[in-house]
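Protein chains in written order, with our numbering: chain E, 384 to 664; chain Z, 384 to 664.
As structure tokens, the structure follows; a few thoughts come after it.
Number of protein chains: 2
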Amino acid sequence: MHGTLCTVTVRHSGEGQPERTLALLWRNRKPAAEQVRRTAGRRPSLDVDGLVRAGIQLADERGLDAASMGGVAKALGVGTMTLYTYVPSKEELLDLMVDEILAERQLPGPGEPRPADWREQVELYSEQTRAMFQRHPWLARVSTVRPPVGPGMLAGREYLLSTLLPLDLSPRDTNTAALAITTYVDSAAGLEAESQLVERTTGQSHEAWWHERNDLWETYFDVERHPAMTAIWNANGYQDTVHEAATDSYRYGLDRLLDGIQAQAARHHASPSGSEQSPTP
Amino acid sequence: MHGTLCTVTVRHSGEGQPERTLALLWRNRKPAAEQVRRTAGRRPSLDVDGLVRAGIQLADERGLDAASMGGVAKALGVGTMTLYTYVPSKEELLDLMVDEILAERQLPGPGEPRPADWREQVELYSEQTRAMFQRHPWLARVSTVRPPVGPGMLAGREYLLSTLLPLDLSPRDTNTAALAITTYVDSAAGLEAESQLVERTTGQSHEAWWHERNDLWETYFDVERHPAMTAIWNANGYQDTVHEAATDSYRYGLDRLLDGIQAQAARHHASPSGSEQSPTP
DNA sequence: TCAATTCCCGTATACCATACGAGAATCAAT
DNA sequence: ATTGATTCTCGTATGGTATACGGGAATTGA
């Protein structure tokens, strides 16, 4: 085993009973109902929050691989199979971990103070999401289709939608724009975090990695076939570090995307017909 | 084993000798040099292209998990360890598979005919990339930090950069814009493909999945805490299907991003100072 | 004290990548 | 023809993964 590969678990269904998964995700809200269970049977030695915390801590410190069922159990000092009394499967545990860190983002709820400008509000979402990925880079390797529908995810969507309301787009466009923004922000923030994680875990900077591949330019690269790359290279258009390029493109892309949304909202406001599609003003 | 989890291998280093990896990636170009090897030793029964093709076919048909070393070997009718004479590790095989499908995109090279408008040129990149993800949805689960630096990846970057040259941005901004576009396009196309893949492999539509989670709205969802979501819901702002929402947001986000880039190029053209940052026109 | 209930967890199964090393095939030189 | 060098083939072993199953332990109310 080289340590150069890692396996990542991907949630892609809820096979089990969705009711139980929902109850676990929302375990700390809405407790009003029935949790008066105190009848017979052996007392539990752990609780779900403990599993989730242990899983997150392991993934943070030693990578998503370390947050295996065996790893979490060992960290908690119990047998592996004990975890299955608290959580139906690893899939659900991962859902819980994800929603937990989604909820860590400090996003103002309805009525709470927030920046005045809608763009700054979106920036806040972007920055909080970026910081979350920095703290928990393993999130980038977890599939976001069919995400955990827990308090953390819902709070994030609620906040982002609320930032776009002042633009007065159609409801449909508001939702569409929010989806486009999350797609961009989540992906770019995830890539950035993953990029830094790779540098840390391999102990090799991206620059050193590229340096190792100098043969590419000397032996294989065909200038004739790649005039644009060559031109940019000759004009010193490439950033000094991969990290700088990632940061630049993150900011640039988000700014341009918001520019475009803002312009479309202005157009829409000028002529309040249905959804528009004018590509070139 | 439930079949509800799948493991995904993540390349995050080239540990081995980068020269060999490069030679494998570029095995079909630049053959001019030395490949006159025909001295002694047992004749190979396979070739690298065969491994790559088998891996891609398995991943296409039965998921990335099926493209295990054992799986590929079985498909080729050889022992598992035989593969290691052709490829140093699974990591490299995956690199080769990825670059192969990146090269499948039909993007005009330098001098070849292409759409007149730069936006249509970017759309072509977007459509080709989207189609690639549709054909090979497993690509969405492969990390793109430290990508395979082979002909396929370079052709893609070359084409996208070339589409932006007419905008006459600074070289730095051209590169930055190209990175932002790939981030958006690759992520959104990957998400879309993965979304459809999940529906196929679980045999459950996203709508059925949401229906299973009706409890969320009835039991846990707090209208007070989520006024924006509630408003959009009441205004019928949510698309009818998850698939429709994904398609809409993909188009919308790409259009707005290109709008923003176009506007910035126009600004930059008006006042040819260095890189700008005016947020609100 | 007993039955019901709940939690704990050892063992077994079926996967995965790959290190190691023995054996088979091929060619050049003897 | 035989030998030696070289290269490809691949069985076995190691240590990792999730989790099904079922027996045992702990707790409570009767």
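In this text, a Cβ means the ideal position worked out from N, Cα and C, and glycines have one as well.
Let me see if you follow: with CB-CB separation under 8 Å, is E/V581 close to chain Z or not? Taking Cβ atoms only, chain Z reaches closer than 8 Å to E/V581, which makes this a yes.
For Z/L429, which of helix, strand or coil comes out of DSSP? DSSP places Z/L429 in coil when its eight states are reduced to three.
Sequence-distant residues of its chain with Cβ nearer than 8 Å to E/Y469 (five each side left out): Scanning its chain for C-beta atoms nearer than 8 Å, with the 5 sequence neighbours on each side dropped, one finds around E/Y469 the residues P427, L429, D430, V431 and L434, in chain order.
Beta-carbon separation of E/L441 and E/G454 under 8 Å? Yes, Cβ-Cβ distance for E/L441 and E/G454 is below 8 Å.
In chain order, what residues of the region 557-568 of chain E put their CB closer than 7 Å to some CB of chain Z? Close to chain Z, meaning a Cβ-Cβ distance shorter than 7 Å, are the following residues of the region 557-568 of chain E: T557, N558, T559, A560, L562, A563, T566 and Y567.
Run through DSSP, which three-state label would E/S472 get? Correct three-state label for E/S472: coil.
Taking Cβ-Cβ distances below 8 Å as the criterion, which residues of the region 582-599 of chain E are in contact with chain Z? Those would be T584, T585, Q587, H589, W592, E595, R596, D598 and L599, in chain order.
Is any beta-carbon of chain E found at less than 8 Å from that of Z/R555? Answer yes: the Cβ-Cβ gap between Z/R555 and chain E drops below 8 Å somewhere.
Terminal residues of the continuous alpha helix (DSSP H) containing Z/A538? From DSSP, the alpha helix (DSSP H) with Z/A538 extends over P534 to L547.
Check E/W409 in the structure and name its three-state DSSP category. Looking at E/W409 - three-state DSSP - the assignment turns out to be coil, as it is neither helix nor strand.
Along the alpha helix (DSSP H) that carries Z/N617, what are the first and last residues, could you check? Here the alpha helix (DSSP H) through Z/N617 covers P610 to N617.
Residues, ordered as in the chain, of the region 492-517 of chain Z that lie near chain E by beta-carbon distance below 8 Å: Against chain E - using a Cβ distance shorter than 8 Å - the residues of the region 492-517 of chain Z are G492, P493 and R502.
Assign E/L477 to one of three DSSP states: helix, strand, or coil. For E/L477, the three-state secondary structure derived from DSSP is helix.
Can you tell me the Cβ-Cβ gap for Z/R596 and E/P534, rounded? I've got them flagged as a contact below 8 Å. In fact, because the Cβ distance is near 14 Å, the residues do not count as touching under 8 Å.
On the three-state DSSP scale, how would you describe Z/D551? Z/D551: coil per DSSP, three-state reduction.
Taking 8 Å as the cut-off, decide whether the C-beta atoms of Z/L699 and E/S632 are in contact. Nothing can be reported for residue 699 of chain Z: it is not among the residues displayed for chain Z, which extend from 384 to 664.
Compare the C-alpha of E/D638 against each of E/R529, E/V568 and E/L407 and name the closest. Measuring from the Cα of E/D638, the nearest candidate turns out to be E/V568.
Between E/L543, E/P493 and E/L580, which has its C-alpha nearest E/D443's C-alpha? Selected option, being the one with the closest Cα: E/L580.
Close beta carbons around Z/L544, own chain, < 8 Å, minus the five adjacent residues each side: Short of 8 Å from the beta carbon of Z/L544, and not among the five residues preceding or following it, lie these beta carbons of its own chain, in chain order: T557, N558 and A561.
Excluding the five sequence neighbours on either side, which residues of its own chain have a C-beta within less than 8 Å of the C-beta of E/H609, listed in chain order? So the list is empty, once near-sequence residues are dropped.
Chain-ordered neighbours of Z/L434 on chain E, where CB pairs are closer than 9 Å: In chain order: nothing, as chain E lies at least about 17 Å away.
Write down every uninterrupted run of the alpha helix (DSSP H) in the region 476-535 of chain E whose length is 4 residues or greater and which is fully enclosed by it, in chain order. If you keep only unbroken alpha helix (DSSP H) runs of at least 4 residues inside the region 476-535 of chain E, you get 501-518.
Assign E/M612 to buried or exposed, taking buried as 16 or more other Cβ atoms, counted over all protein chains shown, within 10 Å of its Cβ. It counts as buried.
Proximity of E/Y508 and E/T463 at Cβ, strictly below 8 Å: Not closer than 8 Å, so no.
Any beta carbon of chain Z sitting closer than 8 Å to that of E/R426? Interface annotation, E/R426: not in contact with chain Z, CB-CB separation never under 8 Å.
Any idea what DSSP makes of E/L447, helix, strand or coil? In this structure, E/L447 counts as helix in the three-state DSSP scheme.
Between the alpha carbons of Z/R555 and E/I615, how many angstroms are there, rounded? When rounded, the distance between both Cα atoms is 8 Å.
Which residues in chain E have a C-beta closer than 9 Å to the C-beta of Z/M612? List them in chain order. The contacting residues are L537, R540, E541, L544 and S545.
Span separating the alpha-carbon of E/G365 from that of E/Y542: Only positions 384 to 664 of chain E appear in this structure, which leaves residue 365 of chain E out of reach.
Secondary structure of E/V606, DSSP reduced to three states: Reduced to three states, the DSSP call for E/V606 is helix.
Exposed or buried, which one is E/S578 when buried takes at least 16 other CB atoms within 10 Å? Flag for E/S578 reads buried.
For E/L407, which of E/R497, E/P498, E/D448 and E/L477 has the nearest alpha-carbon? Selection E/R497, E/P498, E/D448 and E/L477 evaluated against E/L407 yields E/L477 as nearest (Cα-Cα).
E/W600, buried or exposed, once every other Cβ within 10 Å from all chains shown has been counted against 16: Result: exposed.
How far does the alpha helix (DSSP H) with Z/W600 in it extend, from its first residue to its last? No alpha helix (DSSP H) contains Z/W600, which DSSP labels as neither H nor E.
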